[in-house]
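Chains as they are written, first to last, in the working numbering: chain A, 1 to 113; chain B, 114 to 220. Don't be surprised by glycine CBs; every beta carbon is placed ideally from N, CA and C. Worksheet: the structure to be examined is printed underneath.
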Amino acid sequence: QVQLVQSGAEMKKPGASVKISCKASGYILTTYPVHWVRQAPGQRLEWLGWINAGSDNTKYSEIVRGRFSITRDTSASTVYMELSSLRNEDTAVYYCARDVRYWGQGTLVTVSS
Amino acid sequence: DIQMTQSPSSLPASIGDRVTITCRASQDISNSLAWYQQKPGKAPKLLLYVASRLESGVPTRFGGSGSGTDYTLTIGSLQPEDFATYYCLQYYTTPWTFGQGTKVEIK
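Written as structure tokens, this is what we have:
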């Protein structure tokens, strides 16, 4: 069955970077895109970007553009997101999703001095 | 970007009530609309997609309807486990955009 398993919680200081992994199983990574979504405490969900895991093309939201990147390792069937220059307001649960049906379990990123 | 306006933001209700939540898109999204349920500390759980297709394992008291720009989630008879926050999501185009959420709470 399709599964997306994310790496564990992270605690970072402002200005640092965080990299989260999303390992896909149950399907061939290159046949579907992978999206990244986040949810800050008490806030609505917001889409951050996606990667065409076949072509390696990416598209990013304006809200994180310039600080955000998505990469993939097809041999490991894994997609990564990296967010740099972290701010307190980047504290959120980050989710990867293949599509609306298949999401990872979420990764809590806490940014605090 | 497509804006999603969800209403109401809060919905006091009682067990057994019929509950309706709406989402309006800023442009036609051609039924590319999903509904999620979220409980505190948990990941969103998919209820319906393509506006009205029930995800496997979701109780049939959940129903979706709509077309074009206007969509509705209906809970036929509210159960205790249904008290949660509900979100709509349009995936017609990127960026995906979500409604602001509807908290269904005990009246």
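*Throw me the rounded Cβ distance for the A:I20 and A:Y94 pair, which I believe falls under 8 Å.*
6 Å
*In three-state DSSP terms, what is B:D114?*
coil
*Answer with buried or exposed for A:M11, where buried requires no fewer than 16 other C-beta atoms within 10 angstroms of its C-beta.*
exposed
*Under three-state DSSP, which class holds A:D90?*
Three-state DSSP puts A:D90 in a helix.
*Does DSSP classify A:P41 as helix, strand or coil?*
coil
*With respect to the beta strand (DSSP E) encompassing A:E82, which residues constitute its N-terminal and C-terminal limits?*
Annotation for A:E82: the continuous beta strand (DSSP E) segment containing it runs T78 to L83.
*Of all the options A:G106, A:S113 and A:T110, which has the alpha carbon lying nearest to the alpha carbon of B:Q151?*
Ranking A:G106, A:S113 and A:T110 by Cα distance to B:Q151 puts A:G106 first.
*What does DSSP give as the partner residues of A:N57 in its beta bridges?*
DSSP output for A:N57 lists no bridge partner at all.
*For B:Q102, write down the residues that DSSP places opposite it in a beta bridge.*
Missing from the structure shown is residue 102 of chain B; chain B here goes from 114 to 220 and no further.
*Going by DSSP, name the residue or residues bridged to A:E46.*
A:R38
*Check the Cβ of A:Q6 against every Cβ in chain B and list those closer than 7 Å, keeping chain order.*
Going along chain B, no residue has its Cβ under 7 Å from A:Q6, so there is no contact; the nearest lies around 10 Å.
*What residue range is occupied by the uninterrupted beta strand (DSSP E) comprising B:S169?*
Per DSSP, B:S169 belongs to no beta strand (DSSP E) and is neither H nor E.
*asked:* Can you list, in chain order, the residues of its chain with a C-beta nearer than 8 Å to that of B:P193? Leave out the 5 residues immediately preceding and following it.
replied: I128
_My output table needs one value for A:T30: the three-state DSSP class, helix, strand or coil._
helix
_Rounded to whole angstroms, what is the Cα-Cα separation between B:G181 and B:L161?_
17 Å
*Contact check, B:V82 vs B:A138 under 8 Å by CB: the rounded distance?*
There is no way to answer for residue 82 of chain B, as the model of chain B reaches only from 114 to 220.
*Counting Cβ pairs, one atom from each stretch, are 3 or more of them under 8 Å apart for the segment 206-213 of chain B and the segment 164-176 of chain B?*
no
_Are the CB atoms of A:T30 and A:G15 within a distance shorter than 8 Å?_
Cβ distance not < 8 Å, so A:G15 and A:T30 don't count as in contact.
_By the 8 Å beta-carbon criterion, what residues does the segment 185-213 of chain B contribute toward chain A?_
Correct list: Y200, L202, Y204, T207, P208, W209, T210, F211, G212 and Q213.
*Reduced DSSP category for B:T185 - H, G, I as helix; E, B as strand; rest coil*: strand
*Based on Cα-Cα distance, which residue from B:W148, B:D130, B:S122 and B:D141 lies nearest to B:D183?*
B:D141
*Candidates A:L83, A:T91 and A:S77, of which the one nearest A:Q43 by Cα*: A:T91
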